[in-house]
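Comments concern the structure below.
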Amino acid sequence: MFKKKKKLLGADIKPRCDYCQNCVVEGGKNFCRYKKSINKKGKCSKFDYNPVMRRVEPPRMLEKFDASDFEL
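Counting with the working numbering, you get residues 1181 to 1252 for the letters of the sequence shown.
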């Protein structure tokens, strides 16, 4: 009857204050608007995902292969 919702962040992306709507960056440090400091895990109960703040790592370059690598 009801479909299971897909996670907005995906299965392998964990919530962090680095890309939270309530995160404020001052002097190179992150602060939460509500708690004024962020715990060591980097998240709190006020997490609100902001996709614009998330920085995606570029994909790694593949190694150079030659035909002998694919022979049996």
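Ideal placement from N, C-alpha and C gives every residue a C-beta, glycine not left out.
All figures in this text were calculated on a predicted structure; none of them were measured in a lab.
Near residue i, what residues of its chain come up, given a Cβ to Cβ distance below 8 Å and the 5 sequence neighbours on each side ignored?
| i | result |
| --- | --- |
| Val1204 | Asn1210, Phe1211, Cys1212 and Arg1213 |
| Lys1215 | Cys1224 and Lys1226 |
Return helix, strand or coil for residue i, following the three-state DSSP convention.
| i | result |
| --- | --- |
| Phe1250 | helix |
| Cys1254 | Past the edges of the chain, shown from 1181 to 1252, lies residue 1254, and the structure says nothing about it. |
Could you pull out every residue in the same chain whose Cβ sits closer than 6 Å to the Cβ of residue i, ignoring the five residues on either side in sequence?
| i | result |
| --- | --- |
| Arg1234 | Tyr1199 |
For residue i and residue j, what's the separation of their Cα atoms in angstroms?
| i | j | result |
| --- | --- | --- |
| Gly1208 | Met1241 | 29 Å |
| Pro1238 | Leu1252 | 32 Å |
| Glu1243 | Val1236 | 21 Å |
| Asp1246 | Glu1206 | 49 Å |
According to DSSP, residue i sits in a beta bridge with which residue or residues?
| i | result |
| --- | --- |
| Glu1206 | Lys1209 |
Which same chain residues end up closer than 7 Å to residue i when comparing Cβ atoms and leaving out the 5 residues on each side of it in sequence?
| i | result |
| --- | --- |
| Asn1230 | Tyr1199, Cys1200 and Gln1201 |
Within the present structure, is the beta-carbon of residue i separated from the nearest heavy atom of the ligand GTP by less than 6 Å?
| i | result |
| --- | --- |
| Asp1249 | With respect to small molecules bound, the structure shown includes none, and the ligand GTP cannot be examined in it. |
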